[in-house]
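The numbering of the sequence shown is my numbering, which starts it at 80 and goes up by one. Where a beta carbon is used, it is the ideal one built from N, C-alpha and C, also for glycine.
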Amino acid sequence: AKVLLESLGGIEVNGYRAPSFSIGAGNRDWAFECLARAGYRYSSSVYPVRHDHYGMPDAPRFAHVAHSPLIEVPPTTVRAFDRNWPASGGGYFRLLPYVLSRHLISRVNRRDGESAVFYFHPWEIDVAQPRVPGIDAKTRFRHYVNIHRMENRLNRLLKDFRWGRMDSIFLAR
């Protein structure tokens, strides 16, 4: 996939993100070795939180060497009450009030002196996406709640903070 994308785009692909943050304690050594061997320079595949589908709560919260020379750049978290809490991106950004998301990102910038890593999925700004019939209430809630607010929240986020590309920020360190 990396070679195909580079061929089609005419530019080197430096970063990788595992689906559903699926790199975890049981496969991290193997996965990071494979990513480094494939020529990726950074990954954002480990979410250092506790979640029912993913997460490595004891993983480092900020960019670090995962398997030389590969750098792991996890999504932003805030440390509170002896636990890492998600601070940006995806469903958390849709579920939490915008003012809280802004506060958490500001806190990481100010207290930790770190850049925030923010992600979202393209479908999260598609208010006209088809509704999947027959899914359970938990999945329906996680997928559809506040989609109608996402575009405005993203616009506010872009105005409230300075943003840059992950490779420009984290590979330049």
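Around the beta carbon of Ile150, 16 or more other beta carbons sit within 10 angstroms, so the residue counts as buried. The beta carbons of Arg140 and Ser122 sit about 15 Å from each other, so the pair does not count as a contact at 8 Å. With fewer than 16 other CB atoms across the displayed protein chains lying within 10 angstroms of its CB, Ala80 is exposed.
In the same chain as Arg235, and ignoring 5 residues on each side of it, the C-beta atoms closer than 7 Å to its own belong to Tyr177, in chain order. By the CB criterion at 9 Å, Phe172 and Ser185 fall outside the cutoff.
Burial check for Arg252: the Cβ neighbour count within 10 Å stays below 16, so the residue is exposed. Under the DSSP assignment, Val157 falls in the beta strand (DSSP E) whose first and last residues are 156–159. CA-CA distance, Cys113 to Arg232, rounds to 36 Å. By the CB criterion at 9 Å, Ala166 and Ala195 fall inside the cutoff. In the assembly as shown, Glu230 is an exposed residue. Its beta-carbon has fewer than 16 other beta-carbons within 10 Å. If you keep only unbroken alpha helix (DSSP H) runs of at least 4 residues inside the segment 91–129, you get 107–116.
The Cβ atoms of Asp137 and Pro148 lie no closer than 9 Å to each other.
Around the beta carbon of Glu203, 16 or more other beta carbons sit within 10 angstroms, so the residue counts as buried.
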